[in-house]
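Line order of the protein sequences matches chains L and U.
When we follow the working numbering, the leftmost residue of the first sequence carries the number 28, and every step to the right adds one.
When we follow the working numbering, the leftmost residue of the second sequence carries the number 1126, and every step to the right adds one.
By construction, the Cβ of each residue, glycine as well, lies at the ideal position given by its N, Cα and C atoms.
Nothing here was measured: the structure is a model prediction, and the numbers come from that model.
Shown next, in structure tokens, is the structure this report addresses.
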Amino acid sequence: MYKIMMFTGGVYKFHELKETIEDIGGFVLQEMVMQTETMMHLAFPEEEERRIRNKAKDLGGKLKDLPLAGAEIMIVVPSLGNHHAVYPMCDIAEFLRRKGAITNMMGLARGVGKRIAQMTVQEKAIIEECDAAVFVFGDFKECIEEKAPKLCEPLEVPYMIVGGPPDLDIPHYVGGVGRRTRRMNRKSDIDKLEEMAAAFKEVLNEKIEEIEEDPLAASPLFIKEMIEMTLPPKAGEEFPVVIHLDGLRVKIEEGDEGRVRDIEIGKRKLSEISEIKKSLYEGYLVKIQTEAVTGGIF
Amino acid sequence: MEVKVEGGDEFANASYEKICDDTFRDIGLRSNIEQVYMYCNAAEHVFILSVEIGRVPSPVKVWDVTQREGDKLRITDEKYAPKLLALLWDKYGERVQQISRLVIGLELKDEEIAEVMNLIVYDPREDLNSRVLDGIDRILPEGARVRYPMPSTAGITIIASENPIAEEWKEKAKEIMRKMASSKGGT
């Protein structure tokens, strides 16, 4: 399994770190050079962590663990009105991003209320395109208890519910947030967000363990590298390829779909080892099949 | 402003107290509202919000926001500049000119200038109702779209729910209004 970490430091000799990563079969997922500062998201085999840490120490940079890296998460709120947005929705999304996740935000069309709350089939499909979902609900226990089975339980992806009442007997629930009118930037708020991120990591671990038990034909990180070799990212384009735990979201133009399908991954074509379909939300979704289905590809 | 929330659990009550406080502060009405009472019954999805309006500031006149310098007026509170200019242009047309950002030139007679100084630039009562209603709308849960307003001489009480509002809740709202009035000493 790959470990994903963030390196921050100066530009001096930082290409040496990139070379080390390439030598040990790792990947640079994201790279940003801001004058004399650099920020990189690195993925490398877990057993090589010591080597990377030593190199980072030599360069005088810092390495930070990104426990949620490699996952695309949907933050779902009942509506985008000022009752539910922007606080605490954006605070939660921002905090998960700091932990390495790529986050999207979504307001349901008819998610407000208790009895009248509902989710459309299309909304459900869009949420299921992501690796996991975080539902941000309000202050009332009765509403959350009624909404959870209606909106969250039918989902086929792991989910977590963030709400107000501190103790609720609902699976994957974190309380103590609720409706907010101010930013969550105090010490107690940050502690709560930390608690939420830790709980979310556990939720995500379920899916990671499932994938580890039945490994994929090729790592999404490797496929990302291959896609970027064929279709280099355009200047200024942000996250043209988003990594999922079991696939990728590739933001390409309609005409380029064929080129992506024909990319060679080992001895096979990408279309042979994965399902490629147009996303309801953005780009194309590549869902990598398991090794048990495709057989060896190298 | 006194805020009291009842009916929900401890967390919800405390949270809604803060929401009421912050919302009315955001729209600048905190000092004009005497008391706010909210009753939450999430099990039956009924929310009653009662707002009692207190003292409203007196109208802002031209001499409150400007300083006279001969045949010129210097704006001392820029917040009212657009309203002031609109008012003067409307009344005197081209005889009033904005010389610089904060200076207004007047080609008026002395008695006319004295009259100008007493003109009302902004009356907080004008948009008080719409601001209070906006605040109430921001506080009440978004799903509670069926509303039943019950105005009184001192303020307004609104029942909100996602279901049709039963007589029982109208009675409850009346009771709340009575309590609010008696706590103030009767209105």
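Cross-chain neighbours of residue i in chain U, by beta carbon under 9 Å
i	result
Asp289/L	What Asp289/L touches in chain U: nothing, since even the nearest Cβ is about 48 Å away.
Where residue i falls, given that 16 or more other Cβ within 10 Å makes a residue buried
i	result
His42/L	exposed
Val1246/U	buried
Phe1136/U	buried
Tyr186/L	buried
Pro181/L	exposed
Ala1211/U	exposed
Val1187/U	buried
Leu307/L	exposed
Pro1182/U	exposed
Thr63/L	exposed
Ser1175/U	buried
Glu1287/U	buried
Tyr39/L	exposed
Ala262/L	exposed
Asp1252/U	exposed
Ala1285/U	buried
Phe71/L	buried
Asp118/L	buried
Arg276/L	buried
Ala144/L	buried
Ser301/L	buried
Thr1282/U	buried
Val201/L	buried
Val148/L	exposed
6 Å CB neighbourhood of residue i in its chain, flanking five on each side removed
i	result
Pro105/L	His111, Leu135, Gly138 and Val139
Phe162/L	Val103, Cys179 and Ile188
Ile153/L	Leu307 and Tyr308
Asp158/L	Ala98, Glu99, His271 and Leu272
Phe167/L	none
Met1242/U	Val1187 and Trp1188
Ala1139/U	none
Leu1209/U	Val1246
Identity of the residue in the options nearest residue i by Cα
i	options	result
Lys151/L	Phe227/L, Cys170/L, Lys177/L and Met28/L	Lys177/L
Ile197/L	Arg210/L, Val204/L, Cys179/L and Ile254/L	Cys179/L
Glu183/L	Leu297/L, Ala175/L and Glu155/L	Glu155/L
Glu169/L	Asp194/L, Val161/L, Thr147/L and Val148/L	Asp194/L
Thr35/L	Gly53/L, Gln57/L and Met28/L	Gln57/L
Glu1131/U	Ile1173/U, Ile1158/U and Glu1169/U	Ile1173/U
Pro1289/U	Arg142/L, Ala83/L and Ser246/L	Arg142/L
Val1171/U	Ala1139/U, Glu1177/U and Glu1293/U	Glu1293/U
Phe164/L	Cys157/L, Arg207/L, Arg80/L and Thr130/L	Arg207/L
Glu1232/U	Ser1156/U, Arg1226/U and Tyr1217/U	Tyr1217/U
Ile292/L	Lys261/L, Val277/L, Gly282/L and Ile254/L	Ile254/L
Glu73/L	Met59/L, Gly88/L and Phe54/L	Phe54/L
Ile1264/U	Glu1127/U, Asp1134/U, Lys1143/U and Met1126/U	Lys1143/U
Lys296/L	Asp283/L, Glu280/L and Ile250/L	Ile250/L
Gly1195/U	Asn1254/U, Glu1236/U and Leu1244/U	Glu1236/U
Asn81/L	His68/L, Ile48/L and Met101/L	Ile48/L
Glu233/L	His199/L, Glu265/L and Thr257/L	His199/L
Residues that residue i contacts on chain U, provided the C-beta gap is smaller than 8 Å
i	result
Asp216/L	Under the 8 Å cutoff, chain U gives no residues; its nearest Cβ is about 13 Å from Asp216/L.
Gly323/L	Result: empty, since nearest Cβ-Cβ is about 53 Å, beyond 8 Å.
Thr208/L	Lys1143, Ile1144, Asp1147, Thr1148 and Asp1151
Ser106/L	Glu1267
Cross-chain neighbours of residue i in chain L, by beta carbon under 9 Å
i	result
Phe1149/U	Within chain L, no residue comes near Phe1149/U; the closest Cβ sits about 11 Å away, beyond 9 Å.
Beta-carbon separation (whole angstroms), residue i vs residue j, contact threshold 8 Å
i	j	result
Glu1267/U	Gly191/L	Going by Cβ atoms, the distance from Glu1267/U to Gly191/L rounds to 15 Å, so no, they are not a contact pair.
Asp273/L	Leu243/L	6 Å
Ala1239/U	Met1275/U	In fact, because the Cβ distance is near 46 Å, the residues do not count as touching under 8 Å.
Lys1304/U	Tyr1273/U	About 18 Å; that fails the 8 Å criterion.
Tyr114/L	Arg210/L	6 Å
Glu99/L	Lys30/L	Between Lys30/L and Glu99/L the Cβ distance is about 18 Å, and since that is not below 8 Å, they are no contact.
Met132/L	Ala120/L	6 Å
Ile79/L	Leu90/L	7 Å
Pro247/L	Ile315/L	6 Å
Same chain, Cβ closer than 8 Å to residue i, neighbours up to 5 away in sequence not counted
i	result
Pro21/L	This structure does not reach residue 21/L, given that chain L is present from 28 up to 325, and the question cannot be answered.
Same chain only: Cβ atoms within 7 Å of residue i, ignoring 5 sequence neighbours per side
i	result
Tyr1205/U	Val1185, Val1190, Val1246 and Tyr1247
Gly1260/U	Thr1148, Phe1149, Ile1152 and Leu1154
Phe122/L	Leu220 and Ala224
Pro1249/U	Val1181 and Pro1182
Tyr1162/U	Lys1129, Ser1175, Ile1301 and Met1305
Val320/L	none
Chain-ordered chain L contacts of residue i [CB-CB under 7 Å]
i	result
Ser1140/U	Asp166, Gly191, Gly205 and Arg206
Asp1100/U	Because chain U here runs from 1126 to 1312, residue 1100/U falls outside it and cannot be looked at.
Val1263/U	A small correction: the amino acid at residue 1263/U is Arg; Val does not occupy that position in the sequence shown. Those within 7 Å of Arg1263/U in chain L are Asn109.
Contact list for residue i against chain L, beta-carbon separation under 8 Å
i	result
Glu1287/U	Gly140, Lys141, Arg142 and Ile143
Ala1167/U	Lys141, Phe167, Lys168, Glu169 and Cys170
Ala1137/U	Asp166, Phe167, Lys168, Gly191, Pro192 and Gly205
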